[in-house]
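This report refers to the structure that appears directly beneath it.
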Amino acid sequence: MTDGLPMAVAEQGLPSRIRIHEVGARDGLQNEKTVVPTALKAEFIHRLADAGLTTIEATSFVHPKWVPQLADAEELFPALGDISGVALPVLVPNDRGLDRAIALGARRIAVFGSATELFAKANLNRTVDESLAMFAPVVARARAEEIHVRGYLSMCFGDPWEGSVPIDQVVRVAKSLMDLGCDELSLGDTIGVATPGHVRSLLARLNEAGVPTAAVGVHFHDTYGQALSNTLAALQHGVTTVDASAGGLGGCPFAKSATGNLATEDLVWMLTGLGIETGVDLPKLTATSVWMAERLGRPSPSRTVRALSHQE
Ligand code: HMG
Ligand code: MG
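Take 0 as the starting number for the sequence shown in numbering that gives the first Met the number 0 and just add one per residue.
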């Protein structure tokens, strides 16, 4: 190890570059009880861009009563207008959300479905099929406007109420999201229960069903400390899009036992060690997470942030 980075030892069969889909400002902050001022969110996103992240999920155009933390989307999104060369996707559940996103010039959106009925109900007040019906016109209209559409699929590896989730069930909803016209699919381990063999099996089954690995990203929460192992399994399968949250912020207010996402710093540490490019400046990113943790009033759960900032 030198200069706060691991020694790079490349491994055959892994991608040479990974696109990190940074979700700290959305998935991370949506779970904070105290409302973070809009100016602070804007500064956070500017700092993430300055640290080299090129896809930064900015906010959600959902019902403000459902996620009060992101009720300032109309104020926040325009405050990011000076960031260039960075994709700023936003979550959109329905037509009303798409109207709001389009009015502000969003060029990337994400719809968010569930593999399980109980989470679909808790998160969207819909059954799985009703949610897909709600997304259909959103995806069609977005595509007509040449807006890039990500389809999130939650509870791919387990559900806090339903327990195990059959892989067939996950594949069915994943396929439906792709058939609606989503450009990419993000496999959500919303409560962090996945393990590497499970990840490999789901990716293989998706391929068999006609969903190409090139269209798939992985979205691991780190509840049981498995997020990095699961990520490595996905990379070995050929996945090149990995979701992560600066400092390990996160959770989901509608899923009990969901903790923070895979920390971006932990991911960048591993990828750097594997000789995989990310374009991220790890010291700058760590400084941003330390800065944000100070503002949120508690230390970052990321092991890498703690180690690099000498907090343990
Ligand atoms: P609903 O109560 O069924 O809404 O909620 P509705 O369609 O019946 O409409 C009721 C009222 O809400 C109407 O107003 C609508 O106009 C308004 P009224 O006519 O009564 O005056 N409304 C809206 N207002 C503003 N923006 C909108 C909007 N939509 C309706 N977009 C709804 C349905 C989908 C809106 C609600 O359930 C919702 O907002 N859910 C969002 C939940 C959420 O954001 N969850 C967190 C993100 S998912 C996640 O974190 C998982 C992920 O990270 C992956 C993983 O880890 O697995 C992505
Ligand atoms: Mg999530």
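The beta-carbon is built from N, C-alpha and C at its ideal position, and this holds for glycine as well.
Spatial neighbours of residue i in its chain, beta-carbon cut-off 6 angstroms, leaving aside the 5 residues before and after
| i | result |
| --- | --- |
| Ala208 | Val170, Lys174 |
| Thr303 | Glu264, Asp265, Trp268 |
| Leu307 | Gly3, Thr285 |
| Arg99 | Phe60 |
| Ile82 | Ala48 |
| Ser130 | Gly112, Ala119, Leu123 |
| Ala233 | Val198, Val217 |
Distance CB(residue i)-CB(residue j) smaller than 8 angstroms
| i | j | result |
| --- | --- | --- |
| Gln29 | Leu79 | no |
| Leu248 | Gly23 | yes |
| Val110 | Val91 | yes |
| Leu270 | Ile17 | yes |
| Gly278 | Thr53 | yes |
| Ser244 | Asp26 | yes |
| Thr258 | Thr222 | yes |
| Val89 | Ala57 | yes |
| Leu261 | Glu10 | no |
| Ile19 | Val241 | yes |
| Phe118 | Asp178 | no |
| Glu31 | Ile55 | no |
| Ala50 | Thr287 | yes |
Cβ distance (whole Å) where residue i is taken to contact residue j below 8 angstroms
| i | j | result |
| --- | --- | --- |
| Ala121 | Phe253 | 4 angstroms |
| Val218 | Ile190 | The sequence shown places His at residue 218, not Val. At roughly 12 angstroms, the Cβ-Cβ gap does not stay under 8 angstroms, so His218 and Ile190 are not in contact. |
| Leu75 | Arg107 | Incorrect: roughly 15 angstroms between the Cβ atoms, too far for contact. |
| Val138 | Gly180 | 5 angstroms |
| Pro47 | Ile275 | Note that residue 47 corresponds to Leu in the displayed sequence, not to Pro. About 19 angstroms separates the two Cβ atoms, so there is no contact after all. |
| Leu176 | Leu152 | 6 angstroms |
| Val210 | Val238 | About 12 angstroms; that fails the 8 angstroms criterion. |
| Val192 | Phe134 | Contact doesn't hold; Cβ gap of about 25 angstroms is too wide. |
| Gly246 | Ser163 | With 8 angstroms as the limit, Gly246 and Ser163 do not qualify as a contact, their Cβ atoms being about 31 angstroms apart. |
Cβ-based neighbour list, residue i, same chain, cut-off 7 angstroms, excluding 5 preceding and 5 following
| i | result |
| --- | --- |
| Glu116 | Thr126, Val127 |
| His236 | Arg199, Leu202, Thr212 |
| Ile166 | Ser200, Leu201, Arg204 |
| Leu39 | Arg294 |
| Val172 | Gly112, Ala114, Val127, Leu152 |
| Pro77 | Leu103 |
| Arg140 | Leu97 |
| Asp94 | Pro136, Val137 |
| Gln168 | Ala114 |
| His197 | Phe156 |
| Val34 | Pro67, Gln68 |
| Ala292 | Gly246, Pro298, Ser299 |
| Trp160 | Leu117 |
| Asn206 | Thr212 |
Closer than 7 angstroms: residue i CB and nearest ligand 4 heavy atom
| i | result |
| --- | --- |
| Gln168 | Looking for ligand 4 in the displayed structure turns up nothing; the ligands present are ligand 1 and ligand 2. |
Own chain residues within Cβ distance below 8 angstroms of residue i, not counting five before or after
| i | result |
| --- | --- |
| Arg142 | Val148, Gly180 |
| Val8 | Gly272, Leu273, Gly274 |
| Gly224 | none |
| Trp290 | Arg46 |
| Pro63 | Leu69, Ala70 |
| Val85 | Ala48, Leu52, Thr53, Thr54, Ile55 |
Whether or not the segment 60–77 and the segment 276–291 are in contact is what I'm after, with contact meaning three or more pairs of Cβ atoms, one per stretch, closer than 8 angstroms; do they touch? no
Between the segment 185–203 and the segment 133–147, do three or more beta carbon pairs fall short of 8 angstroms? no
Fully enclosed by the segment 56–140, which beta strand (DSSP E) runs are 3 residues long or longer? 107–113
Just list the alpha helix (DSSP H) runs in the segment 181–205, keeping only unbroken ones of 4 residues or longer that don't cross its boundaries, in chain order. none
Please give the ranges of any beta strand (DSSP E) in the segment 226–301, keeping only runs that are unbroken, at least 3 residues long and fully inside the region. 240–243
Give, in chain order, every unbroken run of the alpha helix (DSSP H) that is at least 4 residues long and sits entirely within the segment 26–54. 37–49
Curious, which full-length beta strand (DSSP E) runs of at least 3 residues does the segment 145–187 contain? 147–153
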